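Report on the following structure.
Structure, rendered in structure tokens:
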């Protein structure tokens, strides 16, 4: 059986810094032996430059989505999908433009994944050189609510995106986790997530 690809974990504390936390179902002794997510080297960009780039790419995505919408009016399903994508990107850009939006880097990602969180609980992952997931795999984001029986899938993405809107609201006490799963996503995580961010309550 092929070993599950490694992931990474972070928990921001009250002063905005990120510290490692164990994934759900893992013991402290096991977590301490887990290595960080191995990512290829990259050229770092400032957070401000990254957010500006994300907004520009988002505008381009909306423009492309509009073109796709016009060309697919003969299909109700296609039209609905394009409209949903446009709406998500518009919300993501609006969220990033607000000064009240909190931004927290995910530990062990080398600054390549940042969680942007709005006051209304809306979240967006900002990717900076994360790299595409291995063949046949995809990154999957989860929102783990307090006392929830299981994590809720919030996004499935390849890793080449600039912005990834999360479809599940992040309420106080909730945790955002990322794992590497089969392409297309899975109903529940197949590994203890080590890429985690928990906003301060």
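In the numbering used here, the protein residues as written are -17 to 183.
The C-beta atom is built at its ideal place from N, Cα and C for all residues, glycine as well.
All figures in this text were calculated on a predicted structure; none of them were measured in a lab.
* Where does residue 88 fall in DSSP's three states? -> Translated into positions along the chain shown, residue 88 becomes position 106. Coil.
Practice task
Could you tell me if residue 174 is buried or exposed, where buried requires 16 or more neighbouring beta carbons within 10 angstroms of its beta carbon?
Solution key: Counted from its first residue, the chain shown places residue 174 at position 192. It is buried - the Cβ of residue 174 has at least 16 other Cβ atoms within 10 Å.
Whole-Å CB distance - residue 120 paired with residue 140, under 8 Å assumed: On the chain shown, position 138 is the one that residue 120 refers to. On the chain shown, position 158 is the one that residue 140 refers to. Their Cβ separation, rounded to whole angstroms, is 6 Å, which keeps residue 120 and residue 140 in contact under 8 Å.
**Study point:** Assigned exposure category for residue 81 - 16 Cβ within 10 Å defines buried
**Key:** Looking up residue 81 in the chain shown gives position 99. Exposed, by the Cβ-count rule.
>> So within the region 85 to 153, which uninterrupted beta strand (DSSP E) runs reach at least 3 residues, ignoring any that extend past its ends?
In response: 95 to 99, 105 to 109, 119 to 126, 134 to 139, 145 to 147
Notebook entry, point to check: Just curious, the beta strand (DSSP E) that residue 161 is in, first and last residue?
Noted result: Translated into positions along the chain shown, residue 161 becomes position 179. 157 to 164 is the extent of the beta strand (DSSP E) around residue 161.
Could you spell out where the beta strand (DSSP E) holding residue 178 opens and where it closes?
Position 196 of the chain shown, counting from 1, holds the residue named residue 178. First-last of the beta strand (DSSP E) with residue 178: 177 to 179.
- Could you tell me which of 131, 87, 163 sits nearest to residue 137, measuring between CA atoms? Counting from one through the chain shown, the residue named residue 137 turns up at place 155. Taking only the C-alpha atoms, the option nearest residue 137 is 163.
Whether or not the region 77 to 93 and the region 117 to 135 are in contact is what I'm after, with contact meaning three or more pairs of Cβ atoms, one per stretch, closer than 8 Å; do they touch? no
Quiz item: Taking DSSP as the reference, what is the three-state secondary structure of residue 170?
Solution: On the chain shown, residue 170 is found 188 positions in, with the first residue counted as 1. It is coil, neither helix nor strand.
Look at the Cβ atom of residue 177, then the Cβ atom of residue 160, and state whether they are nearer than 8 Å.
As a working note, residue 177 is residue 195 in the chain shown. As a working note, residue 160 is residue 178 in the chain shown. Yes, Cβ-Cβ distance for residue 177 and residue 160 is below 8 Å.
Helix or strand or just coil, what does DSSP make of residue 81? By 1-based counting over the chain shown, the position of residue 81 is 99. Three-state result, residue 81: coil.
message: Taking the straight line between their C-alpha atoms, what separation do you get for residue 100 and residue 85?
response: Locating residue 100 in the chain shown gives position 118, counting from the first residue. Locating residue 85 in the chain shown gives position 103, counting from the first residue. Using only the alpha carbons, I get a separation of about 9 Å.
* For residue 65, which three-state DSSP category applies? -> Numbered from its first residue, the chain shown carries residue 65 at position 83. Note on residue 65: pLDDT 45, under 50, position unreliable in the model; no value is reported.
- Query: Apart from the five residues just before and just after residue 83, which ones in its own chain have a Cβ nearer than 6 Å to its Cβ?
  - Reply: The sequence position of residue 83 within the chain shown is 101, counting from 1. Closer than 6 Å at Cβ, skipping near neighbours: 77, 98, 100.
Subject >> Candidates 110, 89, 166: closest to residue 135 by CA position >> reply: For this step, residue 135 is matched to residue 153 along the chain shown. Answer by Cα proximity: 166.
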